[in-house]
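Numbering of the sequence shown is given in the UniProt record's numbering, commencing with residue 1 and proceeding in unit increments. The structure under discussion appears below in the form of structure tokens.
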Amino acid sequence: MSTPTVKSYEDSAVVIAGGSSGVGLASAQKFLEAGVTRVALVSRNPERGQAARDRVAALNPQANVVFLPADLDHPQQVQEAVTAAHDRLGAIDVLVSSVAASYRPELLHTIDPEDFVSIINRQALPPMYLTRAVLPLMQAQGGGSIINIASDAAKVPTPGETVLGAAMAAITMFTRTAAMEAKRNGIRVNALTPSLIAGTPTADRVLTDGFSKTLFEKASRMAHLGVAEPDDLAEMVLFLGGPGAARLTGQVISVNGGISAG
């Protein structure tokens, strides 16, 4: 069996869904700093997306950095964005899916059952749609790397994250199974499962008040190595997307400062 060719950063084309802020934006910057010159950022908000595109492009004015608006809750828009990114970049060697929807932890007995479907669909389905959309392109070119970002709620039973945890567990099992299917085509599929990430809109929201504030203040005290920041996750994204991770697939990795182990 021949060993799949894993491209250098300089030769790679990278698509980052959720690239207008947080881990997605930090990852885009890390890829540019590592030598990547073809990047597509995909997000819902055109104004924020264009601002992110300009910020990333400023790192290398010679790079081909594009912004593509899409609502990643809808498979047709996902497919159109992936097709456009492939056309604009000439390839898709790395896909980063960092598209967690807005959420505040709530105890199960306070969640309206009518909201279950919305929570699971909005959290779990976008990474699945994105993975499905890029797979044929990566198969045709003989390889690639897909990085899905979920959360530690997939691994650690956390009060207030019953339905969210179910959605995150869906992403991680999807990722691991896709990795077993895709490896024969040289495609690596891995997931990152952060906990609290400082300096993000989600962190600001959950630390505002009430039950979620108590929950995540406790989590931050357990992060004896320090609460993770977007750059911490971005460093792992960069590694998983590059040649150093050529034989790493089907893994679910926590970058959480020691909040949990598993």
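Even glycine gets a Cβ: it sits at the ideal position worked out from N, Cα and C. These numbers come from a predicted model, not from an experiment.
query: When DSSP builds the beta bridges, which residues end up paired with Ser97?
result: BP columns for Ser97 point to Ala17 and Asn148.
field: C-beta atoms of Asn191 and Met168 nearer than 7 Å
entry: Note that residue 191 corresponds to Ala in the displayed sequence, not to Asn. Using a Cβ distance threshold of 7 Å, Ala191 and Met168 do not count as a contacting pair.
message: Quick check: the Cα distance between Asp73 and Asn45, rounded to an integer number of angstroms?
response: Approximately 13 Å, taken between the alpha carbons.
task: Check Ile120 in the structure and name its three-state DSSP category.
output: Ile120 sits in a helix when the DSSP states are folded into three classes.
- prompt: Which term fits Gly242, buried or exposed, when burial requires 16 or more other beta carbons within 10 angstroms of its beta carbon?
  reply: The residue in question, Gly242, is buried, as its Cβ has 16 or more Cβ neighbours within 10 Å.
message: Using DSSP's beta-bridge definition, name the partner residues of Ser43.
response: Paired residue(s): Pro69.
- request: Could you tell me the boundaries of the alpha helix (DSSP H) in which Val82 lies?
  value: Val82 -> alpha helix (DSSP H) spans Pro75 to Leu89.
- request: Name the two residues that bound the continuous alpha helix (DSSP H) containing Leu192.
  value: Note, Leu192: premise wrong, no alpha helix (DSSP H); beta strand (DSSP E) at Ile187 to Leu192.
task: Answer yes if the region 170–180 comes into contact with the region 230–239, meaning at least three C-beta pairs across the two stretches below 8 Å, and no otherwise.
output: They do not touch, by the three-pair rule.
- request: Alpha carbon to alpha carbon, how far is Glu161 from Met1? Give it in angstroms, no decimals.
  value: With a pLDDT of 47 at Met1, under the threshold of 50, the predicted position of this residue should be treated as unreliable, though the coordinate-derived value follows. Spanning the two alpha carbons is a distance of roughly 43 Å.
- request: Grab the span of the alpha helix (DSSP H) containing Thr177 for me, first residue to last.
  value: First-last of the alpha helix (DSSP H) with Thr177: Thr162 to Ala182.
query: Can you tell me whether Thr158 is buried or exposed, with buried defined as 16 or more other CB within 10 angstroms of its CB?
result: Only buried fits Thr158, as 16 or more other CB atoms lie within 10 angstroms of its CB.
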